[in-house]
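Presented below is the structure to which this report refers.
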Amino acid sequence: MNVDIQRELLRRFFALREARTTTLAASPYRQQASVYTDPERLEREERLLLRGRALVVALSADLPGTGDCLACEVAGVPLLLVRGEDAEVRAFLNICRHRGGRVFTGRGRPGRALKCPYHSWAYDLNGDLLGQPLARDAFEPLERTDLGLCPVSAAERFGLILVRLGSPEPVDVAEELAGLGPEVADWGFERWHFFTQREGRFEANWKLIRDTFLESYHVFSLHRDTLAPDMLSTPFVGDSFGPHHRGVVMRKEVVTLLERPESEWKLKPYGSIVYILFPNAVINLPMSGHAELWEMYPEPGDPHRTRVSVRFYIPREPADEDQRAFWEANVRFTGRVVFEEDFSQQQDIHRSLRTGLMPEVVYGRNEPALIHHHSEMERALASADALA
Ligand code: FES
Ligand SMILES: [Fe+2]
C-alpha cells in the first residue's frame, strides 16, 4: 500500500474521530438467519461461489522457488500447487490417477518426482505420469500420457495465487481483484517467508466464521482483555473494491501522529489492515508485523461446520531464537484472540440461529464491510443463478 493511500486513510480516520462517528453504510441490513443454516443455500454457495469463482488459496511466498509444492484443500477438494521449472505456478487435483491416493502432503520440494505412497506411481512437476513400478504390463493398453494429474485453472499475480475449480478457463487475477491488485502487490508477498500454519474445525456456518473479520465494532467488548487495551473499535476506515473490501483498525497510539507532519505519517505500526477477499479468504496484516492468510470452507454439504486454515508469514526468516520466539508469541496471541474468542462466539451464535426461533439478525450501519460482503454475496448468487 503506497504512502499516499496510507496518509489518505489516516486523514479519514482523524476526520471521523473528530466527528465522533465511523464509516457508515447507507442503511442497516436485515439478514435471514436461514442464510447461515439452510443446506440448500449452502449447496448454491458451494456450487456457484466456492467452485464457480476464482479463490485466493496461497501467497506467492508459499512457493518461493522452482520445484516447490504445496498440498492444500480447497472447498473439500485436495489440490496440489507446484512452481514448475519454468517458475510458473500450476495446480492439479492431488489425486493419483491409479486409485486416488494423495501424491503429495505438506509443503516443500518432493525431489525428482511426486510419488503416490500407495503403489508409488510417480509424476513430474508438470503432472505427467513418469512411472508405474512393478506394473510393466498391468495397465496396457492404457496410455501413460492419458494418466497425468488432472490440471486445475490457476494463476499468480500481485503476490497472490488463485485457483478456480469449476472451469478450465484461465484465471484473470487483475479482473478478479477488481482494482485491489496494485495495492496488494505493494506488500511484496513473493518476498515474505512462510512461518507456520494452523487449522481448525468449528461448529458454525463458514460465513459466520468469516464475519468475524468484517467489523471492528466488537473489539472493545469481545476482545476486552486481549486487543482492546491497545486497539480502537472505532472509527473503522474501509473501502470496497468490487466484491472485496479493505479495512483499517487503528491502535490507540495513532493519536501521536497528530503531533507530527503528515509527510511522516505511515499506517504501520498504528493500523491493522484487513483485506476481505471475496468470497472466503482474508489477508490480515496486524500491527505486530506478520501477515496471515485465512481461508474458510464449509465441510462439504454441511452448513453447520467449517474448516479454517491460517498461514502465518513473516518479513524474513528469523535470524535467531529470540526472533523466532517473538513470531511464535504472535501466533499464540492470534490463536487466543481469533480461535478462542472470535470463533467460540460464532459457535454460540450458530447454535442460537439453528434453533429457528430468531428469524433474522441485523447488521448495523457501523458494520459496512459486513453489509457490503453479504450484499455482494446475494448479488453473485443471483447473477450466477441467472447464467445457469
Ligand atoms: S493410488 Fe496412487 S499409486 Fe496406486
Ligand atoms: Fe475479533
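Under our numbering, the first residue of the sequence shown carries the number 2, and numbering increases by one thereafter. We put the beta carbon where it would ideally sit given N, CA and C, even for glycine. Because the structure is a prediction, the values reported are computed rather than measured.
Would you say the beta carbon of residue i is closer than 7 Å to some non-hydrogen atom of ligand 2?
i      : result
Leu223 : yes
Thr38  : no
Thr213 : yes
His219 : yes
Asp226 : no
Asp343 : yes
Please indicate yes or no: does the CB of residue i lie closer than 7 Å to some heavy atom of ligand 1?
i      : result
Cys70  : no
Cys97  : yes
Cys117 : yes
Gly101 : yes
His120 : yes
How many angstroms separate the CA atom of residue i from the CA atom of residue j?
i      : j      : result
Val185 : Glu157 : 13 Å
His194 : Val78  : 26 Å
Glu176 : His374 : 18 Å
Glu361 : Cys73  : 35 Å
Leu56  : Ser28  : 29 Å
Arg391 : Thr257 : A question about residue 391 goes unanswered here, because the residues of the chain that appear run from 2 up to 389.
Arg137 : Gly102 : 20 Å
His246 : Glu322 : 36 Å
Leu50  : Met378 : 8 Å
Ser35  : Gly357 : 8 Å
Arg33  : Leu278 : Rather than Arg, the amino acid found at residue 33 in this sequence is Gln. Roughly 23 Å separates the two Cα atoms.
Leu215 : Ala26  : 13 Å
Ser1   : His351 : For the chain, the structure presents residues 2 to 389; residue 1 sits outside this window and is missing.
Ile212 : Arg18  : The question names Ile, but residue 212 in the sequence shown is Asp. Approximately 24 Å, taken between the alpha carbons.
Leu11  : Glu86  : 43 Å
Can you say whether residue i is buried or exposed, counting buried as having 16 or more other CB atoms within 10 angstroms of its CB?
i      : result
Arg98  : buried
Thr24  : buried
Gln347 : buried
Cys151 : exposed
Arg165 : buried
Arg308 : buried
Arg31  : exposed
Lys253 : exposed
Arg312 : buried
Val238 : buried
Arg208 : The question names Arg, but residue 208 is Lys in the sequence shown. It counts as buried.
Ala62  : buried
Leu126 : buried
Val4   : exposed
Arg337 : exposed
Asp231 : exposed
Gly272 : buried
Ser241 : buried
Leu135 : exposed
Lys116 : buried
Locate the beta strand (DSSP E) running through residue i, then write down its first and last residues.
i      : result
Leu150 : That residue, Leu150, is in no beta strand (DSSP E); it is neither H nor E in DSSP.
Leu178 : No beta strand (DSSP E) contains Leu178, which is instead part of the alpha helix (DSSP H) from Val174 to Leu178.
Glu361 : Glu361 to Tyr364
Pro79  : Val78 to Arg84
Phe93  : Val90 to Leu94
Arg45  : Taken as a continuous stretch (DSSP letters only), Arg45 belongs to no beta strand (DSSP E), being part of the alpha helix (DSSP H) at Pro40 to Arg45.
Val250 : His245 to Arg252
Tyr37  : Here Tyr37 belongs to no beta strand (DSSP E), and DSSP marks it neither H nor E.
Glu265 : Here Glu265 belongs to no beta strand (DSSP E), and DSSP marks it neither H nor E.
Arg165 : Leu161 to Arg165
Val57  : Ala55 to Leu60
Val75  : Cys70 to Val75
What residue does the alpha helix (DSSP H) around residue i start on, and which one ends it?
i      : result
Glu9   : Val4 to Glu19
His374 : Pro369 to Leu388
Hey, does residue i have any beta-carbon neighbour from chain D nearer than 8 Å?
i      : result
Arg165 : Absent from the structure: chain D. Only one protein chain is present.
- Item | 4 or more residues per run - each alpha helix (DSSP H) lying fully within the stretch 269 to 346 | 322 to 335
- Message: Just to confirm the assignment: which complete beta strand (DSSP E) runs, minimum length 3, are found wholly within the stretch 183 to 243?
- Response: 194 to 203 and 232 to 242
- Message: Could you tell me which whole beta strand (DSSP E) segments of length 3 or greater appear in the stretch 107 to 151?
- Response: 130 to 132
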